[in-house]
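Undergrad:
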Amino acid sequence: MSDHSSSQPVRDSAAATADAPAVFEARGLTKIYHVGDVDVHALRGVDVNLYEGEFVVLLGPSGSGKSTLLNILGGLDVPTAGHVRYFGHDLTKDDDRALTQFRREHVGFVFQFYNLIPSLTAMENIALVTEISTDPMRPAEALEMVDLSDRKDHFPSQLSGGEQQRVAIARAIAKRPKVLLCDEPTGALDVKTGIVVLEAIERANRELGTTTAVITHNAIIAEMADRVLMLSGGLISDVRHNTRRIPACDLVW
Amino acid sequence: MSALNRKMLRDLLHMKGQALAICLVMACGIAIFVMALSMVDSLQRTLDTYYDHHRFAEVFAHLKRAPNSLARRIAEIPGVSQMQTRIVQQVTLDVPGMAEPAEGRLISLPDQHVGALNALYLRRGRFIEPGSGREVVVSESFADAHRLGPGDSVTAVLNGRRQELRIVGVVLSPEYIYQIRPGDLLPDTRRFGVFWIAYDELAAAFDMQGAFNDVSLSLMSDASEPQVLRHLDELTEAYGGLGSYVRDDQLSHKFVTNEITQMRVTAVVVPTIFLAVAAFLLNVVISRLINTQREQIAVLKGIGYPRREIGWHYMKLILAIMLIAVALGTTVGAWMGSVLTEFYTQFYQFPVFEYGLDAWIVVMALVVSTASAVAGTLGAVWRAMRLPPAQAMRPQAPEVYRPTILERGGLQRFLSPAMRMIVRYLERRPVKSLLSCAGIALATSILVLGNYMEDAIDYVMDFEFQRVKRYDLSVSLVESASSAAMSQIRHLPGVMHCEPFRALSVRLRSAHRARRVGIMGLDSHGELYRVIDMNEDVIPLPRRGLVLSRKLGELLAVGPGDTVTVEVLQETRPVREVPVSGLVEDFSGMSAYMDIRAVNRLMREGDRVTGAFISADPDRMDLLYRELKDLPQVAGVTVKAAALESFRNTIAQNMLLMKTVNVIFAVIIAFGVVYNNARISLSERSRELATLRVIGFTRVEISMIQLGELAVLTLISIPAGLLLGYGWAALTTSAFDTELFRIPLVVDRSTYAFAATVVMIAALFSGLIVRRMLDRLDLVAVLKTNE
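In the order they appear, the protein sequences are chains A and B. Residue numbers for the first sequence follow the numbering used here, so the first one is 1 and each next one is one higher. Residue numbers for the second sequence follow the numbering used here, so the first one is 254 and each next one is one higher.
(1) Find out if the Cβ-Cβ distance for the pair alanine 355 of chain B, arginine 415 of chain B is shorter than 8 Å.
(2) At the 8 Å Cβ level, is threonine 545 of chain B part of the contact set with chain A, yes or no?
(3) Between the beta-carbon of alanine 671 of chain B and the beta-carbon of isoleucine 948 of chain B, is there less than 8 Å?
(4) So, does the CB of methionine 706 of chain B fall closer than 8 Å to a CB anywhere in chain A?
(5) Tell me, to the nearest whole angstrom, how far the beta carbon of arginine 769 of chain B is from that of tyrosine 498 of chain B; I am working on the premise that it is less than 8 Å.
(6) Leaving out five residues before and five after glutamine 480 of chain B in sequence, what residues of the same chain have Cβ atoms less than 8 Å from its Cβ?
(7) Rounded to a whole number of angstroms, what is the C-alpha to C-alpha distance between glycine 806 of chain B and valine 791 of chain B?
(8) With a cut-off of 8 Å, does the C-beta of threonine 212 of chain A fall near any C-beta of chain B?
(9) On the DSSP letters alone, give me the boundaries of the alpha helix (DSSP H) that aspartate 39 of chain A sits inside.
(10) If the cut is a Cβ gap below 7 Å, which residues of chain A does glutamate 941 of chain B touch?
(11) What whole-angstrom Cβ distance do arginine 318 of chain B and tyrosine 452 of chain B have, given they're in contact under 8 Å?
(12) Under a Cβ-count criterion, where at least 16 other Cβ atoms within 10 Å of its own Cβ denotes burial, should isoleucine 699 of chain B be classed as buried or exposed?
(13) Nearest-angstrom Cα distance between leucine 69 of chain A and leucine 43 of chain A?
(14) Are isoleucine 526 of chain B and valine 293 of chain B touching if we call contact CB-CB under 8 Å?
(15) In angstroms, rounded to a whole number, what distance separates the CA positions of threonine 130 of chain A and tyrosine 51 of chain A?
(16) Would you mind working out which of B/Ile556, B/Arg1002 and B/Phe286 sits nearest aspartate 611 of chain B, comparing C-alpha positions?
(17) Anything in chain A within Cβ reach of leucine 963 of chain B, meaning under 8 Å, just list it in chain order.
(18) With three or more C-beta pairs closer than 8 Å as the rule, is the segment 388-408 of chain B touching the segment 418-433 of chain B?
(19) Using a Cβ-Cβ cutoff of less than 8 Å, which residues in the same chain neighbour alanine 140 of chain A once the five nearest sequence positions on both sides are dropped?
(20) Does the CB of leucine 180 of chain A have a neighbour CB from chain B at under 8 Å?
(21) What are the uninterrupted segments assigned as alpha helix (DSSP H) that are 4 or more residues long and contained completely in the segment 176-244 of chain A, given in chain order?
(22) Could you tell me which residues DSSP pairs with proline 320 of chain B in its beta bridges?
(23) Under DSSP, the alpha helix (DSSP H) around proline 139 of chain A begins and ends at which residues?
(24) Going by alpha carbons, who is nearest to tyrosine 86 of chain A out of A/Ile236, A/Val107 and A/Ser67?
(25) Using three-state DSSP, classify alanine 1034 of chain B as helix, strand or coil.
(26) Under 6 Å Cβ to Cβ from leucine 296 of chain B, same chain only, skipping five residues before and after it: list those, please.
(27) Counting only the same chain and skipping the five closest in sequence on each side, list residues whose C-beta sits under 6 Å from that of cysteine 281 of chain B.
(28) At which residues does the beta strand (DSSP E) containing methionine 856 of chain B begin and terminate?
(29) Determine whether the Cβ of leucine 263 of chain B lies closer than 8 Å to any Cβ atom of chain A.
(30) Any C-beta of chain B within less than 9 Å: which residues of the segment 77-100 of chain A qualify?
(31) Starting from tryptophan 449 of chain B, follow its DSSP beta bridges and name the residues at the other end.
(32) Against tyrosine 979 of chain B, what residues of chain A qualify as contacts under a CB-to-CB distance less than 8 Å, listed in chain order?
(33) Mind checking if arginine 11 of chain A is an interface residue toward chain B, Cβ cutoff 8 Å exclusive?
(34) Just checking: is the beta-carbon of arginine 104 of chain A within a distance shorter than 8 Å of some beta-carbon in chain B?
(35) Given a threshold of 16 other Cβ atoms within 10 Å of its Cβ, counted over all protein chains shown, does lysine 1100 of chain B qualify as buried or as exposed?
(36) Less than 8 Å between the beta carbons of leucine 1021 of chain B and arginine 946 of chain B, yes or no?
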């Protein structure tokens, strides 16, 4: 079923995806947080590439650096050392304004706690994004993709958790982003709802060709991925290529 | 220190910006409270002591001339405890270093003045010695204005003869605490002085030997004032009595008590406003604090802290803020009180005016502010106490939103999602939004009110001194004279134009209502003194009939077409029925106007005048003054420009102080409300704003949303505040609608513009602070937590 490459730290240059161009090339990513008087090494020199159209799952225990890595790739955070290139453009040289522009045009985020704007309806939450992007889909189209057309005028407080998360996904993909970054998207959901949400992510990856990275604690979800990155202690400890992606609807946990 | 107290202090430190804003608003209220109450207290105490020690009389009467034998009969009126008769005369003064003549009031002093009514307080020098010849003591304010002291002298025209008055002492009198010339709006210490001279001297100069023209009485505690007045009027009528009156109508006393009353109102109204705003702000801030600390409360309860400990924990935080405010407010209030004391000593002449802050006032301040702070926060603290621990651990339920009224009305297509966020957010918390609006509107209105006073006074000055009184000088004669006197004045050097007037002391009566006033008989076609309404339309003086001040008409309950009884208190003392032909809006005192020929007909006399208005050649003023000082018939000269200048100087200083205080207060309120509002909504929405940043909104764009709300609140509140300000102005106008003075309801456009601008600047400033916080928003941390 799976095919392990070994050595540590893993230099990721896997042949399976080498034919697609790299969206992200990260080299020597280090991130040190100063918490009080203690320095926390969240990343200790990570090298990783993400390729176009790829579905990657990041697995690892709390504090392994998954979120930090995702945040840096998405332009939410900047590394203490190292470089990230996005289609050859060095993101680490960008200032806040440029990073904002980068997120606005290229990145879709999905978080564990949905982070919808409670005062806006489902449709309006999406419109929030489509109004500031260059080539968005129509908000209705995005809702269609997550199968929530009938909920368009509902406010977040009128939606279930799973529905809220699907709106968040619709909002993330409505701008037709190059990359979709999801941090524990099913963390707050039960199995059944979680699978519906994962289906929506899967669909965006398949139909829009969006490079997708999903952080999860749940090893089963890794079955969906083209590639699984295992993190521990701020390093990529293992990389696994799935020869066959299991559709979300067939996942069992 | 217990751990919980440490937490309380750290919480306080953490919210220091908001706590400070609340502290300042509260301190403003307490400062005014402390200042006003301590002023009332100090003034009243000083006044009581002064009146008591110097035996200030309780009943006063002026008459033309009565023999000393009448005095015995007055003293026998039932209820009279002590009586004092004297001679009081108006004279023209020639003061070194002043071109224009000043007006002096000469009052006779009995040889044996120890124990007498209206006793003087000797500030410098000595009292006059009997038989020493034209020695006088002078009122301190006049002496100070001219730097006069014992050894100096002034020249007075006594009954047509220039006489040297030698000053031997400087004194104060309980009768002249507020030393104002009748008819003036403010004291003019340079041009009005009071002198006390030996009875024999004054009697000799005015041929009043063995006679008097003024009487003061003190009463026994069980005396009936109205009966004493009636008796006194009966006795003095035959001697030209001008009508007796009680202490409450004594001019100086009236001004002082008026001030105390106003202070008392201030002590209630202003602090109420400030403490209400502070209570609202406390409520908002503490509610928010308790919401964000739900989990902490749950943990504390889980550990085993009882409810009351938790309630007391938050109460302590509130009381800490309040105590700081009380300390600050009391200090500032006491300081303002001492500044105001300085200010008062310019207007009110007391032997000693000691400002004191009594402990009970501080205790009252504590009680009042505790009550308002607790009232504002009790609900929130109660909720914290009752929060079940398990529920407190869970995040708060998501907030329920729905389309706003605006959108349900079909207007949503005009609103961007960002705009909708703002509108829905405001509509979701209607009470909070409304109260915030009310706070900002209040600040705006205070600014309007502050400047309105200036507008009104500007208007009154312009109205009185430019539109009504268009003369340069007003000359009053010792007694009524024939038109020959007019032609004498007309031919004085520098006189360009001159119009006669005849003033008459009367009592106007309508049913049981009566008022002592002066009728001003004017040339109905005159140009130098015009009876006009606020549109500057001349109100005609008919052949017969009176035009009354609107306020006088109200007090007598008469209007155009009604008839009043005019009881003349001079000369032949005729009593006549005269129709009221009109009412006029004027601003000082109470006036009754009549055509001068109608006055003369009423007196059954021919062409008589008691004075003249003069427009003079500015280049020949000094010459004219010199001639006037020597004219024996002249009792007094009022120089309009001088009166205007003194008015302006006093008022300008007063106004500047008031305006500064008002602006500071309004800015504190505006800033307190806007800043707290912005801080709270930032804390409530940092998650949303962080989400927007993640999605790709720029800092400017999220600032627009956050500050947009602030802007909407401010923009709604300002017009409401301007309207409210106009309301305050109207309220002030009716509060100041007194017999002494009134103010018109005129608010200048610049006043509105000023108020709006100051509030917008305060809002902008709060906005900038919030903007800085938005720039420091930690996107990752905010999104990671589940609120």
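C-beta: ideal position from N, C-alpha, C; glycine also.
TA: From the atom records:
(1) Here residue 355 of chain B refers to the residue found at position 102 when the second sequence is read from its first residue. Here residue 415 of chain B refers to the residue found at position 162 when the second sequence is read from its first residue. No.
(2) Counting from 1 along the second sequence, the entry for residue 545 of chain B is found at position 292. Not one chain A Cβ lies under 8 Å of threonine 545 of chain B.
(3) Against the second sequence, residue 671 of chain B aligns to sequence position 418. Against the second sequence, residue 948 of chain B aligns to sequence position 695. Cβ atoms of alanine 671 of chain B and isoleucine 948 of chain B: not closer than 8 Å.
(4) As a position in the second sequence, residue 706 of chain B is number 453, starting the count at 1. Methionine 706 of chain B does not count as touching chain A.
(5) Counting from one through the second sequence, the residue named residue 769 of chain B turns up at place 516. Counting from one through the second sequence, the residue named residue 498 of chain B turns up at place 245. Arginine 769 of chain B to tyrosine 498 of chain B, Cβ: 7 Å. Contact.
(6) As a working note, residue 480 of chain B is residue 227 in the second sequence. If we look at glutamine 480 of chain B and ignore the five residues flanking it on each side, its Cβ neighbours are Pro331 and Gly332.
(7) On the second sequence, position 553 is the one that residue 806 of chain B refers to. On the second sequence, position 538 is the one that residue 791 of chain B refers to. Each residue's alpha carbon lies about 18 Å from the other.
(8) Walking along the first sequence from the start, residue 212 of chain A turns up at place 212. Any Cβ of chain B closer than 8 Å to the Cβ of threonine 212 of chain A would place that residue at the interface, and such an atom is absent.
(9) The residue you call residue 39 of chain A lines up with position 39 of the first sequence. Run containing aspartate 39 of chain A: none in the alpha helix (DSSP H); it sits in the beta strand (DSSP E), 38-51.
(10) Position 688 of the second sequence holds residue 941 of chain B. Near glutamate 941 of chain B (Cβ distances below 7 Å), the residues of chain A are Ile117.
(11) As a working note, residue 318 of chain B is residue 65 in the second sequence. As a working note, residue 452 of chain B is residue 199 in the second sequence. Incorrect: roughly 14 Å between the Cβ atoms, too far for contact.
(12) In the second sequence, counting from the first residue as 1, residue 699 of chain B sits at position 446. When all chains shown are included, isoleucine 699 of chain B counts as buried.
(13) Reading the first sequence from its first residue, position 69 is the one you call residue 69 of chain A. Reading the first sequence from its first residue, position 43 is the one you call residue 43 of chain A. Their backbone Cα atoms lie some 7 Å apart in a straight line.
(14) Along the second sequence, one-based indexing puts residue 526 of chain B at 273. Along the second sequence, one-based indexing puts residue 293 of chain B at 40. Cβ distance not < 8 Å, so isoleucine 526 of chain B and valine 293 of chain B don't count as in contact.
(15) The sequence position of residue 130 of chain A within the first sequence is 130, counting from 1. The sequence position of residue 51 of chain A within the first sequence is 51, counting from 1. Using only the alpha carbons, I get a separation of about 25 Å.
(16) If you number the second sequence from 1, residue 611 of chain B lands on position 358. Cα-wise, what sits closest to aspartate 611 of chain B is B/Phe286.
(17) Sequence index remark: in the second sequence, residue 963 of chain B carries index 710 (1-based). Here the premise fails: no neighbours, minimum Cβ distance about 16 Å.
(18) yes
(19) One-based indexing of the first sequence puts residue 140 of chain A at position 140. Correct list, in chain order: Met123, Ser149 and Lys152.
(20) In the first sequence, the residue the question calls residue 180 of chain A occupies position 180. With 8 Å as the cut-off, leucine 180 of chain A does not count as an interface residue toward chain B.
(21) 191-208
(22) Here residue 320 of chain B refers to the residue found at position 67 of the second sequence. DSSP lists B/Ala464 as partners of proline 320 of chain B.
(23) Walking along the first sequence from the start, residue 139 of chain A turns up at place 139. First-last of the alpha helix (DSSP H) with proline 139 of chain A: 139-145.
(24) In the first sequence, counting from the first residue as 1, residue 86 of chain A sits at position 86. Per the Cα distances, A/Val107.
(25) One-based indexing of the second sequence puts residue 1034 of chain B at position 781. Here alanine 1034 of chain B sits in helix by DSSP.
(26) For the purposes of this step, residue 296 of chain B is taken as the residue at position 43 of the second sequence. Taken in chain order, the residues that qualify are Ile513.
(27) Counted from its first residue, the second sequence places residue 281 of chain B at position 28. Only Phe527, Phe918 and Ile921 meet the Cβ criterion.
(28) For this step, residue 856 of chain B is matched to residue 603 along the second sequence. Where methionine 856 of chain B is concerned, there is no enclosing beta strand (DSSP E), given that its DSSP letter is neither H nor E.
(29) Walking along the second sequence from the start, residue 263 of chain B turns up at place 10. The question names leucine, yet the displayed sequence has arginine at residue 263 of chain B. Not an interface residue.
(30) Asp77, Asp96, Arg97 and Thr100
(31) Taking the second sequence and counting its residues from 1, one reaches residue 449 of chain B at position 196. Tryptophan 449 of chain B pairs with B/Ile360 and B/Val390.
(32) In the second sequence, the residue the question calls residue 979 of chain B occupies position 726. In chain order: nothing, as chain A lies at least about 35 Å away.
(33) Here residue 11 of chain A refers to the residue found at position 11 when the first sequence is read from its first residue. Legend: pLDDT at arginine 11 of chain A = 42, less than 50; position of this residue unreliable, value from coordinates given subsequently. For arginine 11 of chain A, the answer is no, since every Cβ of chain B falls outside 8 Å of its Cβ.
(34) Here residue 104 of chain A refers to the residue found at position 104 of the first sequence. Yes, arginine 104 of chain A counts as interfacial toward chain B.
(35) As displayed, chain B neither begins before 254 nor continues past 1040, which places residue 1100 of chain B out of reach and without an answer.
(36) Indexing the second sequence from 1 puts residue 1021 of chain B at position 768. Indexing the second sequence from 1 puts residue 946 of chain B at position 693. In this structure, arginine 946 of chain B does not lie closer than 8 Å to leucine 1021 of chain B by Cβ.
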